[in-house]
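Peer 1: Could you have a look at this structure, given as C-alpha cells, before my questions?
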Amino acid sequence: MPKSEPLDRQITIDRKLILFHLKADAAKDITTTSLFEQGQTATAKIISKSEGILAGADELRIIMGGMIKKCLKNGETLSNGTVISELGGDVKELLGKERLTLNYLQILSGIATETNKLAGMLKHSKLCTLRKGHPGMILNEKRAVQIGGGLSHRLNLDDGILIKDNHLDAISSMMKVDRPKAAKLAVERMKEKRLPVEIECSDYETAESACSAGASIILLDNLTARDAKEIAKKLKDGFGVKIEASGGITPVNIKQYDSIYIDYISTSWMVYNSKPADFSMEIVK
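Using the working numbering, you'd call the opening residue of the sequence shown number 23 and step up by one each time.
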C-alpha cells in the first residue's frame, strides 16, 4: 500500500485466532464423529448463490489447509453458480470445518461487496471503515473492506493518534478551558510522539485551533454535508490539512459528502449493515 496514505494499513490475518475459533466450534462434533469412520474421504465444492466480491479466501486457506484443491482469490467477482473452492480429504474433518469456513466467507464477502458499492458511489473522497466492528473479527472485517475498495483506518488504539471528543471534554473539564483551547493543548501534547495527529472536531473554531497547533488530519464528526464541505474548504485553503468526514453516513447520503475538499469519508455501514453472501458447501463424491 502507498506509504503516503495515512488512513490505510497492511493487515495480517490472525491465524491463531481463527484456529481458536475452529477448536471452539468443531473440537467435539458428536454427529459427524458418530456417523463416519476415521479415514473415510469425500470431496466438496463451495458454491456462490449470489453476486458479489469474494473475501475470506485467506481464512478459508487457514481453516481447510491441505484439503484445498482449488480456490479463487480475494477480490474476484462472483455470480450465482461460481465455484469458489474445491475441497477433498477426511470426511469428518471436512464436515467439521464447514460452518466456520462458510461463516467467514459469507460475512466477509458481504462486507467486501457492500464496500465496493459504496466506494463506487464516490468520485473524489476515499471510503474508510472505522475501529467499530465485532470482537474477534475486526481485522478480518477491515481486510474485507480493503478487498472491496475501501481503507482500513486504525487497527487498534496504538496504531495512530486520534484525539476524540471525549478526550477534549475531559481536558476541558480538568483544565477549565473551552473546546478550542482543549484542542490546542491536546495537539501540542501529542506532537511529541512525532506521528501524524488526527483530531475530531464538530465546529470550525475547534478545528482552526487544532490546525494552528499542528494537527495533520481533521475529523469532522456528525456535521451535515453542507457544513462539513464548508468547513473543509476553509481548512484546506488555510492549512492544507487532510479532512475526514464521519458520523451518520449511509448509502442514502454518502454522495452528498463526496468533495474535492474531503479526503476521506468514514462509516461503519458496510461492517454493521452488509448482508452476508449466500454460499453453500456441497458434497460431490
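A virtual CB, placed ideally from N, CA and C, is assigned to each residue, including glycine.
Give the range of the beta strand (DSSP E) segment to which Ile185 is assigned.
Peer 2: Ile185 -> beta strand (DSSP E) spans 183–185.
Peer 1: Report the option in Glu163, Leu149, Lys148 whose CA atom is closest to the CA atom of Gly155.
Peer 2: That would be Glu163, whose Cα lies nearest to the Cα of Gly155.
Peer 1: Could you pull out every unbroken beta strand (DSSP E) segment of at least 3 residues lying fully inside the stretch 213–299, listed in chain order?
Peer 2: List check, beta strand (DSSP E) in window: 219–223, 239–243, 264–268, 286–288.
Peer 1: For a test of the three-state rule: what should DSSP assign to Val199, helix, strand or coil?
Peer 2: Of the three classes helix, strand and coil, the one that applies to Val199 here is coil, per DSSP.
Peer 1: Could you give the C-beta distance for Met58 and Val113, rounded to a whole number, given that I count them as a contact under 8 Å?
Peer 2: Checking the displayed sequence, the identity of residue 58 turns out to be Phe instead of Met. About 5 Å; that satisfies the 8 Å criterion.
Peer 1: Identify, in the order they occur along the chain, each residue of the same chain with its Cβ nearer than 8 Å to the Cβ of Thr63, setting aside the five sequence neighbours on each side.
Peer 2: Gly110, Gly111, Asp112, Val113, listed in sequence order.
Peer 1: Report yes if the C-beta distance between Met197 and Leu207 is below 8 Å; otherwise report no.
Peer 2: Taking 8 Å as the Cβ cut-off, Met197 and Leu207 qualify as a contacting pair.
Peer 1: Where does the unbroken beta strand (DSSP E) through Ile106 begin, and where does it stop?
Peer 2: Unbroken beta strand (DSSP E) run through Ile106: 105–112.
Peer 1: To the nearest angstrom, how far is the alpha carbon of Leu124 from that of Met303?
Peer 2: So the two alpha carbons sit approximately 8 Å from each other.
Peer 1: I need the straight-line Cα distance from Asp249 to Lys215, nearest angstrom please.
Peer 2: Looking at the two C-alpha atoms, the distance is approximately 31 Å.
Peer 1: What did DSSP end up calling Val306 once you bin it into helix, strand or coil?
Peer 2: DSSP places Val306 in coil when its eight states are reduced to three.
Peer 1: Return the bridge partner residues of Ile68 from the DSSP annotation.
Peer 2: Answer is Ser107, Met303, bridged to Ile68.
Peer 1: Let me check understanding here. Comparing Cα to Cα, which of Leu217, Ile133, Gly262 lies closest to Ser234?
Peer 2: Among Leu217, Ile133, Gly262, the Cα nearest to that of Ser234 is on Gly262.
Peer 1: Going by the CB atoms, is the gap between Cys223 and Ala247 shorter than 8 Å?
Peer 2: Their beta carbons are not under 8 Å apart, which means Ala247 does not touch Cys223 by this criterion.
Peer 1: Measure the alpha-carbon distance for Pro202 versus Gly236 and round it to whole angstroms.
Peer 2: So the alpha carbons of these two residues sit roughly 13 Å apart.
Peer 1: Please classify Asp30 as buried or exposed, where buried requires at least 16 neighbouring CB atoms within 10 angstroms.
Peer 2: Label assigned to Asp30: buried.
Peer 1: Could you check what DSSP says for Thr135 in three-state terms: helix, strand or coil?
Peer 2: Reduced to three states, the DSSP call for Thr135 is helix.
Peer 1: Using only CA atoms, which one of Ser268, Phe301, Ser296, Lys297 lies nearest to Leu149?
Peer 2: Per the Cα distances, Ser268.
Peer 1: So Leu149 is in the beta strand (DSSP E); what residue range does that whole segment cover?
Peer 2: Unbroken beta strand (DSSP E) run through Leu149: 148–150.
Peer 1: My assumption, with CB atoms under 8 Å, is that Leu242 sits in contact with Ala254. Please give the rounded CB distance.
Peer 2: About 7 Å separates the two Cβ atoms, so the contact holds.
Peer 1: Thinking C-beta only, is Ile271 closer than 8 Å to Trp291?
Peer 2: In contact: Trp291 and Ile271 (Cβ atoms closer than 8 Å).
Peer 1: Mapping DSSP to helix, strand and coil, what is Thr34?
Peer 2: Correct three-state label for Thr34: coil.
Peer 1: Please report the residue range of the beta strand (DSSP E) in which Lys92 lies.
Peer 2: That run of the beta strand (DSSP E) goes 90–93.
Peer 1: If contacts are defined as beta-carbon pairs under 8 Å, then Ile221 and Ile240 qualify, I think. What distance do you get, rounded to the angstrom?
Peer 2: That belief holds up - the Cβ atoms of Ile221 and Ile240 are roughly 6 Å apart, short of 8 Å.
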